[in-house]
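In order, the protein sequence lines correspond to chains R and G.
Numbered by this note's numbering, the letters in the first sequence go through residues -2 to 237 in order.
Numbered by this note's numbering, the letters in the second sequence go through residues -2 to 237 in order.
Virtual Cβ for every residue (Gly too), placed ideally from N, Cα, C.
Since this is a predicted model, take the numbers as computed values, not measurements.
Protein chains: 2
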Amino acid sequence: MPNDAKFAEIAALLGETTRATMLHALMDGRALTASELARAARVTPQTASNHLARMTAANLVCVSQQGRHRYYRLASPAVARLIENVMQVAFERHPASISFNTIATGPRDAAMRLARTCYDHLAGRLGVAITDALVEHHHLELTADAGWVTDSGAQLLQQIGIDWPNLSADRRNQSGRVLCRPCLDWSERRAHLAGALGSALCELAFQKDWIRRRTDTRAVMITPKGRRDFRAWFKVRLDD
Amino acid sequence: MPNDAKFAEIAALLGETTRATMLHALMDGRALTASELARAARVTPQTASNHLARMTAANLVCVSQQGRHRYYRLASPAVARLIENVMQVAFERHPASISFNTIATGPRDAAMRLARTCYDHLAGRLGVAITDALVEHHHLELTADAGWVTDSGAQLLQQIGIDWPNLSADRRNQSGRVLCRPCLDWSERRAHLAGALGSALCELAFQKDWIRRRTDTRAVMITPKGRRDFRAWFKVRLDD
DNA sequence: CCCATGTTTCGATGGCGGCCGAAGCATTCC
DNA sequence: GGAATGCTTCGGCCGCCATCGAAACATGGG
Chain R
-2 MPNDAKFAEI
8 AALLGETTRA
18 TMLHALMDGR
28 ALTASELARA
38 ARVTPQTASN
48 HLARMTAANL
58 VCVSQQGRHR
68 YYRLASPAVA
78 RLIENVMQVA
88 FERHPASISF
98 NTIATGPRDA
108 AMRLARTCYD
118 HLAGRLGVAI
128 TDALVEHHHL
138 ELTADAGWVT
148 DSGAQLLQQI
158 GIDWPNLSAD
168 RRNQSGRVLC
178 RPCLDWSERR
188 AHLAGALGSA
198 LCELAFQKDW
208 IRRRTDTRAV
218 MITPKGRRDF
228 RAWFKVRLDD
Chain G
-2 MPNDAKFAEI
8 AALLGETTRA
18 TMLHALMDGR
28 ALTASELARA
38 ARVTPQTASN
48 HLARMTAANL
58 VCVSQQGRHR
68 YYRLASPAVA
78 RLIENVMQVA
88 FERHPASISF
98 NTIATGPRDA
108 AMRLARTCYD
118 HLAGRLGVAI
128 TDALVEHHHL
138 ELTADAGWVT
148 DSGAQLLQQI
158 GIDWPNLSAD
168 RRNQSGRVLC
178 RPCLDWSERR
188 AHLAGALGSA
198 LCELAFQKDW
208 IRRRTDTRAV
218 MITPKGRRDF
228 RAWFKVRLDD
């Protein structure tokens, strides 16, 4: 009932390792079954079930039944953003404690560091590299809190098959610039592309088989075709 | 050490009513003493001290000593944003449970609803009204994730004494548009202005005595001069 | 220097909540 | 229909942590 209580309720649900692990497993945007989540968090199914029920009640995740499986996924983009935000605060640099944080805070897995999905967009070196390349070639302008696509950027997107003006139209944009959100990547500690543009780019990359999902991980593999096309379209350099 | 653990650590710190209450008390951006925070959360000083020590260690708040008082404040804007984000998820509307959430979720206090500070910017009806007026008169364009100031907006800001181009210059803005972040207000459930612009406007409003702080609350009072000038400059209507 | 005030440390207590075993329900496959 | 699989409910155990009293420490004032 009081504001603070509901606030604490949500935060408390995030603030427990088992649930946190499950939520992170859902951060790639896919839906996972209760047992998969139990395995991911290394707890028994009944424990997982309990956690999932509570997170469902609090609208952190939602569930859809298919046969005898129950697929759980994050309830909304806002939840994904919230999780990102906690990560950001968790790994924010602070003058006093740099020595503690500098070592081994990023994902251990090399594949994870190279390329992974972050709810609905690309993260890791690939995500950062694409974003950097777009900025470098003036297709995109980014600030700490916001970003927008330039005219040349809109043209580029059009060519690869993203109807950007149309995409951004329903968000009351009028002047052709727009709507992407920087998202701090906690392995690279660099802004990369989230928001509508990040989502559209990620979808396109799967569709064109530039990247492929791996099983049981948020890491994605970059196909040879992807390597070529990322370079051709975005002038992305991943190998130096 | 593992990512999930540090994530959970931060979230767990937010997820406890006493600490949550303290953090909310700090959301107006001011620094409060340990005893003030203890009173706000209705716990003994020693309990508060314990919580504050842990939140300081986790870089959620930071402390500066003055005499025998220790003043605590939020450690960074990122923390304030995080707290806002949790509120947003906590009060997000969900088709299934609207009937529960529609009643009495906003701040009870009428003054709070009318005008209050939200870390470093204005919220409540005043914050929303200013934002609406800016958008209506095409001084500002807002989307779900981002926003920018139009040329006419930059002119208006210049007239009231905010050097907007200069303000946004250090965030690699080149084309005069820019940098403000919508922030969902959980009493009005409407976007209002945060980010650099929100902060500058709020500061200006205090400086020009359009609004004044009240003691012991985030609510601010709007002065008669404020009422006049908000109307004159921004065409804000607060009374209908 | 002594007392008042603000804050922290220590130790003990109590309660909340995560966890699993056992059992029950639902769904699918044979 | 019966067995297997996926998931949930129930009950009891255990550990963690919020809380407070008591006391120590720090600062400033008289």
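Worksheet item: What residues of chain R sit near Gln85/G, judged by a beta carbon separation below 7 Å?
Response: Ala75
Worksheet item: Thinking C-alpha only, which one of Glu81/G, Ala31/G, Ala38/G and Arg78/G is nearest Tyr69/G?
Response: Ala31/G
Worksheet item: Helix, strand or coil for His118/R per DSSP?
Response: strand
Fill in: CB contact flag (Leu119/G, His136/G, <7 Å)
no
Worksheet item: Would you say Arg70/G touches the ligand GTP, meaning its beta carbon is less than 6 Å from a heavy atom?
Response: Within the structure as shown, the ligand GTP is missing, as the structure has no ligands at all.
Worksheet item: Looking at His21/R and Val125/R, is the spacing between their C-beta atoms short of 7 Å?
Response: no
Worksheet entry | DSSP-derived helix/strand/coil call for Leu23/R | helix
Practice prompt. Return the CA-CA distance between Lys3/G and Asn56/G, expressed in angstroms with no decimal places.
Written response: 12 Å
Fill in: Residue nearest to Met218/R in terms of C-alpha spacing, selected from Arg110/R, Ala75/R and Ser149/R
Arg110/R
Discussion item. Can you tell me which residues form a DSSP beta bridge with Gln62/R?
Written reply: Arg67/R
Worksheet item: Can you check whether the CB of Asp1/R is closer than 7 Å to the CB of Thr18/G?
Response: yes
Fill in: chain G contact for Asp1/R (CB, 7 Å cutoff)
yes
Discussion item. Tell me the rounded alpha-carbon separation between Met84/R and Ile159/R.
Written reply: 30 Å
Discussion item. Using a Cβ-Cβ cutoff of less than 6 Å, which residues in the same chain neighbour Ala112/G once the five nearest sequence positions on both sides are dropped?
Written reply: Gly121, Leu123, Val217 and Ile219
Fill in: Three-way DSSP call (helix, strand, coil) for Phe97/R in this model
Below a pLDDT of 50, predicted positions are generally treated as unreliable, and Phe97/R, at 38, falls in that range; the measurement from the model is reported next regardless. Three-state result, Phe97/R: helix.
Worksheet entry | Local conformation of His48/R per DSSP, three classes | helix
Worksheet item: With DSSP run on the structure shown, which of helix, strand or coil describes Arg168/G?
Response: Because Arg168/G carries a pLDDT of 46, less than 50, the predicted location of this residue cannot be relied on, and the following value inherits that uncertainty. Three-state result, Arg168/G: coil.
Item to complete: For the alpha helix (DSSP H) holding Ala87/R, just list the boundary residues, first then last.
Response: Pro74 to Ala87
Discussion item. Our contact map puts Thr114/G next to Arg215/G with C-beta atoms below 8 Å; I'd like the distance itself, whole angstroms only.
Written reply: 5 Å
Worksheet item: Per DSSP, what kind of secondary structure is Val132/G in: helix, strand or coil?
Response: helix
Discussion item. Ala87/G and Ile7/R - do their beta-carbons sit closer together than 7 Å?
Written reply: yes
Worksheet item: Where does Gly150/R land, buried or exposed, given buried means 16+ other C-beta within 10 angstroms?
Response: buried
Worksheet item: Considering only C-alpha positions, which residue in the set Leu11/R, Leu235/R and Asp129/R is nearest to Val76/R?
Response: Leu11/R
Worksheet item: Does the distance from the C-beta atom of Lys232/R to that of Ala130/R stay below 7 Å?
Response: yes
Discussion item. By DSSP's criteria, Arg224/G is part of a beta bridge. Which residues make up the other side?
Written reply: Its beta-bridge partners do not exist; DSSP assigns none.
Discussion item. With a threshold of 7 Å between beta carbons, is Glu13/G in contact with chain R?
Written reply: yes
Discussion item. For Glu138/G and Cys180/G, I'd like the C-alpha separation in whole angstroms.
Written reply: 14 Å
Worksheet item: Where do the ends of the beta strand (DSSP E) carrying Val191/G lie?
Response: This sequence places Ala at residue 191/G; Val is not what is there. Looking at the DSSP string, the run of the beta strand (DSSP E) that includes Ala191/G is Arg187 to Ala191.
Worksheet item: What number of angstroms, rounded off, separates the C-alpha of Gly195/G from the C-alpha of Gly144/G?
Response: 11 Å
Fill in: Sequence-distant residues of its chain with Cβ nearer than 7 Å to Glu133/R (five each side left out)
none
Fill in: Among Thr53/R, Gln155/R, Pro162/R and Arg187/R, the one whose alpha carbon lies nearest that of Leu201/R
Gln155/R
Worksheet item: Does the beta carbon of Phe4/G come closer than 7 Å to any beta carbon on chain R?
Response: yes
Worksheet item: Per DSSP, what kind of secondary structure is Ile208/G in: helix, strand or coil?
Response: strand
Discussion item. Please report the distance separating the alpha-carbon of Asp25/R from that of Arg178/R.
Written reply: 17 Å
Discussion item. Can you tell me whether Thr128/G is buried or exposed? The criterion is at least 16 other CB atoms within 10 Å of its CB, across all chains shown.
Written reply: buried
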